[in-house]
Amino acid sequence: MKLQLQQILKEIIDDLGVQDVTPNVERAGDLAHGDYTTNVAMMLVKQLKRRPLEIAEEIINKFEVRSSMFEAKERDLFTDQSGQKISGSANHNNVLQDIEKIETAPPGFINFHLSASTLGRTLEQVLEAKEAYGTAQIVQSSKLEVGSIESNPQQTASAKGGSAFGRNYELKTKKIMVEYTDPNPFKEFHVGHLYSNSVGESLVRLFESQGAEVKRADYFGDVGMHVAKSIWGMKKKLKDENLTLSDLEKKDLRERVKWLGQAYALGATAYEDPSIDGETAKEEMKDINYLVFISAQEYMKKKFGWEPQVDYRQYLKPEAVVQLEEVRVLFEKGREWSLDYFENIYKRLGTKFDYYYPESIVAEYGAKIVKENVGKVFESSDGAIIFRGEKFGLHTRVFVNSLGLPTYEAK
Numbered sequence: 001m002k003l004q005l006q007q008i009l010k011e012i013i014d015d016l017g018v019q020d021v022t023p024n025v026e027r028a029g030d031l032a033h034g035d036y037t038t039n040v041a042m043m044l045v046k047q048l049k050r051r052p053l054e055i056a057e058e059i060i061n062k063f064e065v066r067s068s069m070f071e072a073k074e075r076d077l078f079t080d081q082s083g084q085k086i087s088g089s090a091n092h093n094n095v096l097q098d099i100e101k102i103e104t105a106p107p108g109f110i111n112f113h114l115s116a117s118t119l120g121r122t123l124e125q126v127l128e129a130k131e132a133y134g135t136a137q138i139v140q141s142s143k144l145e146v147g148s149i150e151s152n153p154q155q156t157a158s159a160k161g162g163s164a165f166g167r168n169y170e171l172k173t174k175k176i177m178v179e180y181t182d183p184n185p186f187k188e189f190h191v192g193h194l195y196s197n198s199v200g201e202s203l204v205r206l207f208e209s210q211g212a213e214v215k216r217a218d219y220f221g222d223v224g225m226h227v228a229k230s231i232w233g234m235k236k237k238l239k240d241e242n243l244t245l246s247d248l249e250k251k252d253l254r255e256r257v258k259w260l261g262q263a264y265a266l267g268a269t270a271y272e273d274p275s276i277d278g279e280t281a282k283e284e285m286k287d288i289n290y291l292v293f294i295s296a297q298e299y300m301k302k303k304f305g306w307e308p309q310v311d312y313r314q315y316l317k318p319e320a321v322v323q324l325e326e327v328r329v330l331f332e333k334g335r336e337w338s339l340d341y342f343e344n345i346y347k348r349l350g351t352k353f354d355y356y357y358p359e360s361i362v363a364e365y366g367a368k369i370v371k372e373n374v375g376k377v378f379e380s381s382d383g384a385i386i387f388r389g390e391k392f393g394l395h396t397r398v399f400v401n402s403l404g405l406p407t408y409e410a411k
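Residues in the sequence shown are numbered consecutively from 1, following full-length UniProt numbering.
Quick look at the structure:
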């Protein structure tokens, strides 16, 4: 559409006797001003020595003449439900029949309003063509049929003297990774994750349509205080509801994940409770947090032959060690249920990730790198390891906290 409008404007400029001016067409910033807008009238003031609004009116008149000529040529036009005239025989969608109204705006803009049925017709084309949409070719056939889109996408543009429409290879040599969605295990998938998935998947497909080699990546937090809160809540709910993990395994996956979400909410509420019971729960969750990191290491060792990079056991209280096996089992089950549930959602959304980055692994690598560079890049401060950023015009950030755990910066 944008290219077609530019081509017609270029022809009108030629008719006005002006050479070497390339019209610019952009999406209107405010829909009240139309769908597309151009400042070409203001670009012609110097050459034509006339007021921009006067030039704009003449350009609109010439547009309307072309539209009338198009309607006269297409004798089989019929009216659709929105009242727009549509060609019944043409295999292309001509830009002239898509424009419902053209108007001027000070100091000399020309605004194009598309007809109500244009979007609906475009959506029909997308649904019909599916993956082939965007691979059709532009054909330069005549002044009245500028930029016609061939109904047969197999015809090559070179044979018609045109160029590829929608899909090109400008990014053919590029390798791009897009990280998106990123839901955390032990918590439910929410609308924010859906938003991230929609944006990320759209970017991936746009890059792919331009020839880039694109990899999809998912970064998720399988360790951290949110997991400790969830496991504390799991332990309490199992006890209060007189349930076992075997009982939960019999439930539908969605029910299990919902149960995990409830366990997290229970733990998060208890963590913020200022009472004595709340303070006790908070200390229990801090112990569980170390056990979660160790459980993640054990899981990675068993599953992938992972070699632990950080010794978290040195931070454990002696009385917390006895909980390790229980926490490990709850961690593995909760993680498994969550990731299986997320995969079901990804399948429905049409997303297949190439890489997964668990926080449990990147946290260890980050902590190891930070500790190896104390005195070079980082420094110790009150039991933590920080990056003193002020001398570089940045903020001071904590990379390993006073509990010995890597922060998000380290990860």
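All C-beta atoms in this analysis are idealised placements derived from N, C-alpha and C, irrespective of residue type, glycine included.
Would residue i and residue j be called neighbours here (beta carbons separated by less than 8 Å)?
i, j, result
"V400", "V370", "yes"
"V310", "K237", "no"
"S9", "P23", "For the record, residue 9 in the displayed sequence is Leu; it is not Ser. Yes, Cβ-Cβ distance for L9 and P23 is below 8 Å."
"Y264", "S230", "yes"
"S299", "K282", "Inspection of the sequence shows that residue 299 is occupied by Tyr rather than by Ser. Contact: no."
"A116", "V223", "no"
"N242", "L349", "no"
"residue 422", "S338", "Residue 422 lies beyond the stretch modelled for the chain, which goes from 1 to 411, so this question has no answer here."
"L260", "G211", "no"
"P358", "F220", "yes"
From the options, pick the residue whose C-alpha is nearest to that of residue i; which is it?
i, options, result
"D98", "K187, F112, L16", "F112"
"R216", "I12, V223, V199", "V199"
"I60", "I110, L349, S275", "I110"
"K175", "E103, F207, P185, K301", "F207"
"T244", "M225, K187, L330", "L330"
"M1", "V65, V223, E390, V95", "V95"
"L266", "N242, G233, D277", "G233"
"T37", "E372, Q19, G108", "G108"
"E64", "I12, S381, S360, F392", "I12"
"Y315", "I288, D340, E336", "I288"
"V377", "I361, T396, S360, E359", "T396"
"V214", "K172, L119, E255", "K172"
"M285", "Y408, L127, H226", "H226"
Give the range of the alpha helix (DSSP H) segment to which residue i is assigned.
i, result
"H113", "Careful: H113 lies outside any alpha helix (DSSP H), inside the beta strand (DSSP E) at 109-114."
"E364", "359-372"
"residue 456", "Because the chain in this structure spans residues 1 to 411, residue 456 falls outside the shown range and cannot be described."
"K235", "225-240"
"A41", "40-43"
"E208", "191-209"
"E11", "2-15"
"E249", "245-249"
Could you spell out where the beta strand (DSSP E) holding residue i opens and where it closes?
i, result
"S275", "Element bounds for S275: n/a, residue is neither H nor E."
"S381", "379-381"
"K215", "213-220"
"V400", "397-400"
"residue 415", "The question about residue 415 has no answer, for the chain in this structure spans 1 to 411."
"T104", "99-105"
I think residue i touches residue j, with their Cβ atoms under 8 Å apart; what is that distance to the nearest whole Å?
i, j, result
"D247", "Y356", "That pair is no contact at about 29 Å."
"L194", "V178", "Not really, about 16 Å apart at Cβ, beyond 8 Å."
"G383", "S402", "4 Å"
"A320", "L291", "7 Å"
"G366", "K411", "5 Å"
"Q6", "V25", "5 Å"
"D35", "A28", "6 Å"
Under a CB-based cut-off of 8 Å, is residue i close to chain B?
i, result
"G221", "Absence of chain B from the displayed structure is noted, only one protein chain being present."
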